[in-house]
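In the UniProt record's numbering, the protein residues as written are 1 to 175. Note that CB positions come from ideal geometry on N, CA and C, so glycine has one too. Only one structure is covered here, and it is reproduced in the block below.
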């Protein structure tokens with residue numbers, strides 16, 4: 001699934017940051033972000049939250065302490081589960097878990113998009129691109145959520161749109 005460095009850069013662009021200095025610590029495989037004064041922030045969630053705060057997009061962090069904790073939990077889930085999927089079977093299990101979770105939800109946390117939605121969207125983009133229409137239909141809650149997130153203002157400019165509906169071809173004319 002997607003790389004942390006690329007996803008931080010895409011998030012930064014979405015948030016309106018002109019450029020970011022992201023590196024990956026070779027030993028610990030952790031992203032580092034250079035900030036003012038030569039200081040480096042360490043860690044995927046830390047960096048993403050910092051970028052949202054710098055862009056004054058506190059809405060992406062969750063409105064209440066419980067929602068903020070849930071956003072953090074989803075960022076951890078992404079790092080510890082989604083990004084570490086090795087096999088197709090692992091990926092399928094993750095997709096099915098997220099599909100079940102989204103059965104009665106519009107977004108992952110609260111009723112508005114948060115960092116959790118954006119960063120999970122970025123991570124799943126390549127996987128969703130590879131799915132057939134039938135596979136996407138079987139994951140209808142995940143597909144609904146994914147399609148909704150990809151059409152948020154500013155998101156669809158950062159990654160190619162994943163199609164979710166086939167064009168209908170009629171065998172005879174409808175006179």
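With contacts defined by Cβ atoms closer than 7 angstroms, residue 62 and residue 114 form a contacting pair. Each of 158, 162, 149 was checked against the Cα of residue 10, and the nearest Cα belongs to 158. The Cβ atoms of residue 129 and residue 161 lie no closer than 7 angstroms to each other. In its chain, beyond the 5 residues on either side, 61, 62, 109, 114, 115, 116 have a beta carbon closer than 7 angstroms to the beta carbon of residue 71.
In terms of CA proximity to residue 47, 21 leads the group 69, 21, 37. By the neighbour-count criterion, in which 16 or more other beta carbons inside 10 Å mark a residue as buried, residue 4 falls on the buried side.
Under the three-state reduction of DSSP, residue 90 is assigned to helix. With respect to the 7 angstroms criterion, residue 102 and residue 75 are not classified as neighbours on the basis of their beta carbons.
In terms of Cβ geometry, residue 14 and residue 154 form a close pair [threshold 7 angstroms].
Counting only runs that start and end inside the stretch 7 to 33, the beta strand (DSSP E) elements of at least 3 residues fall at 21 to 25.
For residue 49, no beta strand (DSSP E) segment is defined; the enclosing uninterrupted segment is the alpha helix (DSSP H) at 44 to 54. Counting along the chain, residue 117 sits inside the alpha helix (DSSP H) bounded by residues 115 to 130. Relative to residue 53, the option among 73, 140, 146, 17 whose CA is nearest is 17.
Assignment of residue 152 by DSSP, reduced to helix, strand and coil, places it in the coil class. Between residue 30 and residue 43, the C-beta spacing is below 7 angstroms. Excluding residues up to 5 positions away in sequence, 150 lie with their Cβ nearer than 8 angstroms to the Cβ of residue 156 in the same chain. Taken through DSSP and simplified to helix, strand or coil, residue 41 comes out as strand.
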